[in-house]
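Trainee:
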Amino acid sequence: MSRNVATAPHNLSVARARWLGASAVVIVAVLALTGCATGDSVAADTVDHIAAELTDDLDSPVSRVRNAEWFAATYITPLNSTAGGLGSTVYADTLAWSGSSGDEMGARIEVRIRVDEEQKNAVGVGDSSYGKGSATKCFRYEIFRRPHPVTRQSISCPDNPELAIPTAAPLPALPDDAKDVLAAVLGAATSASLERDVRAAFAEDFMTVDTDYVDGALIAAVGVPGERECIVGVRGSDGVVEFSGFDRTWIEPGELGCTTNIVTSPPL
5 MSRNVATAPH NLSVARARWL GASAVVIVAV LALTGCATGD SVAADTVDHI AAELTDDLDS
65 PVSRVRNAEW FAATYITPLN STAGGLGSTV YADTLAWSGS SGDEMGARIE VRIRVDEEQK
125 NAVGVGDSSY GKGSATKCFR YEIFRRPHPV TRQSISCPDN PELAIPTAAP LPALPDDAKD
185 VLAAVLGAAT SASLERDVRA AFAEDFMTVD TDYVDGALIA AVGVPGEREC IVGVRGSDGV
245 VEFSGFDRTW IEPGELGCTT NIVTSPPL
């Protein structure tokens with residue numbers, strides 16, 4: 005039988021909902037106070053704000069290695085018609101992508117952002133009116149792992165570019181039932197078969213396996229180092245399988261990693 009002592013987090017969700025309506029309202033208010041609100045100027049400022057927010061969003065997952073196509077599919081494609089304020093429609097196209105955040109040059113993405121604004125009529129004192137407007141701008145992003153920041157620069161928009169839709173390949177991860185699988189393996193294994201049995205159950209190239217036999221206990225650590233995933237199961241001499249909790253920093257690069265040392269020789 006198995007008994008969970010601590011539960012390690014499973015796959016991380018990296019896509020975040022983007023709601024910039026309040027920001028668009030602020031943009032309109034500022035332009036109204038300066039007396040220069042037009043549909044084009046509101047659209048242009050909204051494009052700039054979306055581009056700045058995209059910089060912040062791209063900076064969030066860069067402690068992991070991701071290729072440029074994954075970044076584009078995860079963060080740029082969802083911008084279409086989901087960002088902006090009332091009366092705004094957003095169109096975001098990925099013009100080009102190359103590289104990875106683990107490369108010396110980083111993951112490089114070129115994006116075109118267009119915002120169309122509907123006509124707006126003033127509804128109260130201090131409110132602004134403007135006609136329909138539109139703005140289109142293009143940007144290049146370079147994305148690195150920390151501590152290097154994401155960079156953004158404006159570029160000229162190409163005429164009639166050939167567009168391709170990026171797709172995000174599934175990230176390497178332990179299966180959702182990894183603990184159940186490992187518990188079953190530990191329950192049936194012997195000290196002689198342990199490593200072979202665990203490796204057979206977790207055979208993907210991106211997974212690591214480490215096993216040990218100490219004082220009658222069978223210990224197995226299974227992980228995906230690139231994604232900081234790790235589970236450590238222990239079958240005691242009484243036959244009970246437990247999953248050990250640990251400080252997540254122990255599995256970071258340069259630390260213990262996902263090994264049985266988490267149980268047998270944890271940091272003091």
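The opening position of the sequence shown corresponds to residue 5 in my numbering, with each subsequent residue numbered one higher.
All C-beta atoms in this analysis are idealised placements derived from N, C-alpha and C, irrespective of residue type, glycine included.
Check whether the Cβ of S64 sits closer than 7 Å to any heavy atom of the ligand NAP, and report yes or no.
Mentor: Although the ligand NAP was asked about, the structure shown includes no ligands whatsoever.
Trainee: Report yes or no: do the segment 63-80 and the segment 92-112 share at least 3 C-beta pairs separated by less than 8 Å?
Mentor: yes
Trainee: Among residues of its own chain, excluding the 5 on either side of G110, which ones have a beta-carbon nearer than 7 Å to its beta-carbon?
Mentor: G103, E146, I147 and F148
Trainee: Mind checking which residues open and close the beta strand (DSSP E) that includes R239?
Mentor: E233 to R239
Trainee: Less than 8 Å separating the beta-carbons of P170 and F210?
Mentor: no
Trainee: Could you tell me which of G227, D242, S195 and V245 sits nearest to W254, measuring between CA atoms?
Mentor: G227
Trainee: Give the secondary structure of E208 by DSSP, where H, G and I count as helix, E and B as strand, and everything else as coil.
Mentor: In the structure shown, E208 sits in coil (DSSP, three-state: anything other than H, G, I, E or B).
Trainee: Please classify A148: does DSSP put it in a helix, a strand, or coil?
Mentor: Reading off the sequence, residue 148 comes out as Phe, not Ala. The three-state secondary structure of F148, taken from DSSP, is coil.
Trainee: Counting Cβ pairs, one atom from each stretch, are 3 or more of them under 8 Å apart for the segment 149-165 and the segment 130-139?
Mentor: no
Trainee: Please classify I80: does DSSP put it in a helix, a strand, or coil?
Mentor: helix
Trainee: Are the CB atoms of V115 and T93 nearer to each other than 8 Å?
Mentor: no
Trainee: Would you list the residues sitting across from F75 in a DSSP beta bridge?
Mentor: Note: F75 sits in no beta bridge, so no partner.
Trainee: Note down the Cα distance separating V119 from T140, rounded to an integer number of angstroms.
Mentor: Whole-angstrom Cα-Cα distance: 7 Å.
Trainee: Assuming R189 is part of the alpha helix (DSSP H), what are its boundary residues?
Mentor: Inspection of the sequence shows that residue 189 is occupied by Val rather than by Arg. It spans A182 to A192 - the alpha helix (DSSP H) in which V189 sits, taken as one unbroken run.
Trainee: Helix, strand or coil, according to DSSP, for I117 in the structure here?
Mentor: strand
Trainee: Are the segment 234-253 and the segment 205-225 touching by the rule of at least three beta carbon pairs closer than 8 Å?
Mentor: yes
Trainee: Between I117 and A96, is the Cβ-Cβ spacing less than 8 Å?
Mentor: yes
Trainee: For L186 and S195, what's the separation of their Cα atoms in angstroms?
Mentor: 15 Å
Trainee: Pick from E256, Y217, V244 and S160: whose alpha carbon is nearest that of C234?
Mentor: Of the candidates E256, Y217, V244 and S160, the one whose C-alpha sits nearest the C-alpha of C234 is E256.
Trainee: Hey, out of K183, V245 and A72, whose CA is closest to A205's CA?
Mentor: K183
Trainee: Can you tell me where the beta strand (DSSP E) holding D97 begins and where it ends?
Mentor: S92 to S102 is the extent of the beta strand (DSSP E) around D97.
Trainee: Could you tell me the distance, in whole angstroms, from the CA atom of T264 to the CA atom of P174?
Mentor: 28 Å
Trainee: On the DSSP bridge assignment, give the partners of E224 in chain order.
Mentor: The question names Glu, but residue 224 in the sequence shown is Ala. Looking at the DSSP assignment, A224 forms a beta bridge with T215 and G237.
Trainee: So, helix, strand or coil for G135, using DSSP?
Mentor: coil
Trainee: Roughly how far, in whole angstroms, is the beta-carbon of E199 from the beta-carbon of V189, given that I think they are within contact range, below 8 Å?
Mentor: Their Cβ separation, rounded to whole angstroms, is 11 Å, which puts E199 and V189 out of contact at 8 Å.
Trainee: Applying the criterion that 16 or more other CB atoms from any shown protein chain within 10 Å of the CB defines a buried residue, is G249 buried or exposed?
Mentor: exposed
Trainee: Expressed to the nearest angstrom, what Euclidean distance is found between the alpha-carbon atoms of G153 and G261?
Mentor: The identity of residue 153 in the sequence shown is Pro, whereas the question assumes Gly. Distance between the alpha carbons of P153 and G261: 26 Å.
Trainee: So, under 8 Å CB-CB, A207 and D201 are touching, yes? Tell me the CB distance rounded to an integer number of Å.
Mentor: At roughly 11 Å, the Cβ-Cβ gap does not stay under 8 Å, so A207 and D201 are not in contact.
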